[in-house]
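*Asks:*
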Amino acid sequence: MDKIDENQLFSEGETVTPVEKVTDDKLQDSTDKESVSFSGAINSRNSYSMNRDWLTGNNASTAQNNLNNQIQTNMLLEARARRSTKAVVNVVNNVYAQGRSEQRTFQDVTTGATTRVNETVYYDFRFTEAFVDTNIARAVYFRAGKQVLVWGRGFFWNPSDVINAELRSATDAFQFREGTYGLRAHVPIGSSLNFYSFTGVGRSNRAEDMLQAFKAEVAFRRAEVATGVIMGQRKVPTWLAEASTRFLTLDWRAEVTYAYGDNAYRIDPNTFNPLLPVTYQLREQHVFKGVLSFGRSFEVFDVADRLGINFEYFYNGAGYKENVFEQNPLVRAYFVQNGLYRPNFYGMHYAGLFVTYARFFVQDLTLGLNALSNLSDKTMILSQLFTYNPLFNLTLTWQNNIFTGRPNGEYTVSGLGWYTEFSARVSF
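Position 91, counted from 1, in the sequence shown is what my numbering calls 91; the numbers after and before it change by one each time, with no gaps.
(1) Should the stretch 178-196 be regarded as contacting the stretch 370-382, the criterion being three or more beta carbon pairs within less than 8 Å?
(2) Can you look up Y350 in the DSSP assignment and give me helix, strand or coil?
(3) Between the alpha carbons of K289 and P269, how many angstroms are there, rounded?
(4) Among E119, Q337 and L193, whose alpha-carbon lies nearest the alpha-carbon of K215?
(5) Which full runs of the beta strand (DSSP E) of 3+ residues lie inside the stretch 61-93, going along the chain?
(6) Going by alpha carbons, who is nearest to T128 out of R116, G179 and A165?
(7) Please state the DSSP three-state secondary structure of R143.
(8) By how many angstroms is the C-alpha of S197 removed from the C-alpha of E119?
(9) Take V413 and list the residues in its own chain whose beta-carbon comes closer than 6 Å to its own, dropping the five residues that flank it on each side.
(10) Looking at V236: is its Cβ nearer than 7 Å to the Cβ of A259?
(11) For P407, which residues from the same chain have a beta carbon less than 6 Å from its beta carbon, with the 5 sequence-adjacent residues on both sides left out?
(12) Thinking C-beta only, is D377 closer than 7 Å to G352?
(13) Could you confirm whether any beta carbon from chain B is found closer than 7 Å to the beta carbon of E326?
(14) How should V148 be labelled, buried or exposed, when 16 other C-beta atoms within 10 angstroms of its C-beta is the threshold for buried?
(15) Taking the alpha carbon of R45 as the point to measure from, which residue in Y313, G308, Y411 and Q98 has its own alpha carbon closest?
(16) Using alpha carbons as the reference points, say which of T397, L167, D364 and S244 lies closest to Y341.
(17) A358 to S297, Cα distance in whole Å?
(18) Roughly how many angstroms separate the alpha carbons of N263 and A318, rounded to a whole number?
(19) If I measure Cβ to Cβ from P18 and keep anything under 8 Å in the same chain, skipping five residues before and after, which residues do I get?
(20) If you measure between the beta carbons of F155 and S49, is that distance less than 7 Å?
(21) Who are the Cβ neighbours of R203 in its own chain at under 8 Å, not counting the five residues just before and after it?
(22) Does DSSP classify V362 as helix, strand or coil?
(23) Between V36, R153, D302 and D108, which has its C-alpha nearest A81's C-alpha?
(24) Leaving out five residues on either side along the sequence, give the residues of the same chain with a beta carbon under 7 Å from the beta carbon of V300.
(25) To test your reading of the DSSP string, which unbroken beta strand (DSSP E) runs of 3 or more residues are found completely within the stretch 366-400?
(26) Looking at the structure shown, is W252 part of a helix, part of a strand, or coil, going by DSSP?
(27) Which value, in whole angstroms, describes the spacing of the CA atoms of G228 and I136?
(28) Determine the burial state of P159: buried for a count of at least 16 other Cβ atoms within 10 Å of its Cβ, exposed for fewer.
(29) Tell me which same chain residues have a C-beta within less than 6 Å of the C-beta of Y122, skipping the five on either side of it?
(30) Could you tell me the boundaries of the alpha helix (DSSP H) in which Y122 lies?
(31) Just how far apart, CA to CA, sit N242 and G152?
(32) Would N400 and T420 qualify as a contact pair, given that the criterion is a beta-carbon distance under 7 Å?
(33) To the nearest angstrom, how far is it from the Cα of L248 to the Cα of V91?
Take a look at the structure:
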């Protein structure tokens, strides 16, 4: 009998844990061993960003193109105690050869006034996760601390995920998502019923800013369905429903949320004045968001699951009907710099195509092709990713992102046309 893996209890895919894996007494010997392990990776990332006007020949200057060299180090410390208890700390360090511009916010403790300045940093440290896993009689499982949750059933978009501090990146193949502070609980009952909860405190020191999420999940023979709610003081509750199944040889995933309003702050691009800024939240109106995904893996040349294809559509009922990025530069700058813009959740309609092909010509080479489109403003990101593993602990990657579509849309407003990156990553 395999040892319980607490990460698997909260991971993607099948989330139902058979009861025998939870209650079998034979697990006692294997889970009472104490250990400390240290692992991680060092990644040399080297990229070149090309401006669209230069690519199309409208501007011969390369002044808007950027070369970036970065060393990204990830260090994971795991201390296992007895009775399936462990502590995990994940640290990410970045060193930027050319420096990186970051915005800092300073607040006057006397007046409360805030000042924002841009500064160039050459390195940073982040504790992306730091948590403790424990349980009560292997019947109730807890994770307390800073953590990244797997919340939602969508392949890329998760409208029910208003919990995590950082969304998935559409362009960064080596993203380490920032965790959020809180307490997560999981109660498996039998082999077909699971209850989840999360109490989030974020960075706030006020009890009224706490977030509470509940979800119940039921497994059937060929499907899993779940329903729940996410709420907090000063926030409108978000109700959610999820389902996944296999039908007509395809794997289907669906996720729907409903709220009588929306908790994100927004602007009215038709009347907004950055000198006298007014932001608001949607209230007293029905807001639906939904994701539908389908796809499958294919056998190619007698290799099972060699080709994987997934398609996803996302409807965002709180998305902007107007194009904020077509406003003047001051409006656009305020919209982005003040956290009002949520990447890939800005428009009302999105679609994504995700393709992987393993053993691409050679054994250890994998090809990934993605297309991500904001259908509302007709802009798109096309991505290609080659991943080569000549050694078990060495990964060579070549990534290309192309940004195309109408000017001043979500994926084109920056003026970036093509981003290419080569990286060499050594794991230990």
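Every residue gets a Cβ at the ideal spot worked out from N, C-alpha and C, and that includes glycine.
*Replies:* Let me spell this out:
(1) No contact exists between the stretch 178-196 and the stretch 370-382.
(2) strand
(3) 22 Å
(4) The shortest Cα separation from K215 among E119, Q337 and L193 belongs to L193.
(5) 66-80
(6) G179
(7) strand
(8) In a straight line, the C-alpha of E119 is about 39 Å away from that of S197.
(9) F325
(10) The answer is yes: Cβ separation under 7 Å.
(11) none
(12) no
(13) Among the protein chains of the structure shown there is no chain B, as only one such chain exists.
(14) Of the residues assessed, V148 falls on the buried side of the cut-off, its CB having 16 or more other CB atoms within 10 angstroms.
(15) Nearest to R45 by alpha-carbon distance, out of Y313, G308, Y411 and Q98, is Q98.
(16) L167
(17) Straight-line Cα distance between these residues: approximately 11 Å.
(18) About 10 Å.
(19) Note that P18 has pLDDT 36, beneath the 50 cutoff, so the model's placement of it is unreliable and the number below is only indicative. Within the same chain, P18 has close Cβ partners S191.
(20) No. Outside cutoff.
(21) Leaving aside the five residues that flank R203 on each side, the residues in its chain whose CB is nearer than 8 Å to its CB run, in chain order, Y181.
(22) coil
(23) Looking at the Cα atoms, V36 is the closest of the given residues.
(24) R306 and L307
(25) 379-391
(26) Note: W252 maps to strand in three-state DSSP.
(27) In this structure, the straight-line span from the alpha carbon of G228 to that of I136 is close to 23 Å.
(28) buried
(29) Y96 and G99
(30) No alpha helix (DSSP H) holds Y122; the beta strand (DSSP E) holding it covers T114 to I136.
(31) Note on residue identity: the sequence assigns Glu, not Asn, to residue 242. About 7 Å.
(32) yes
(33) 43 Å
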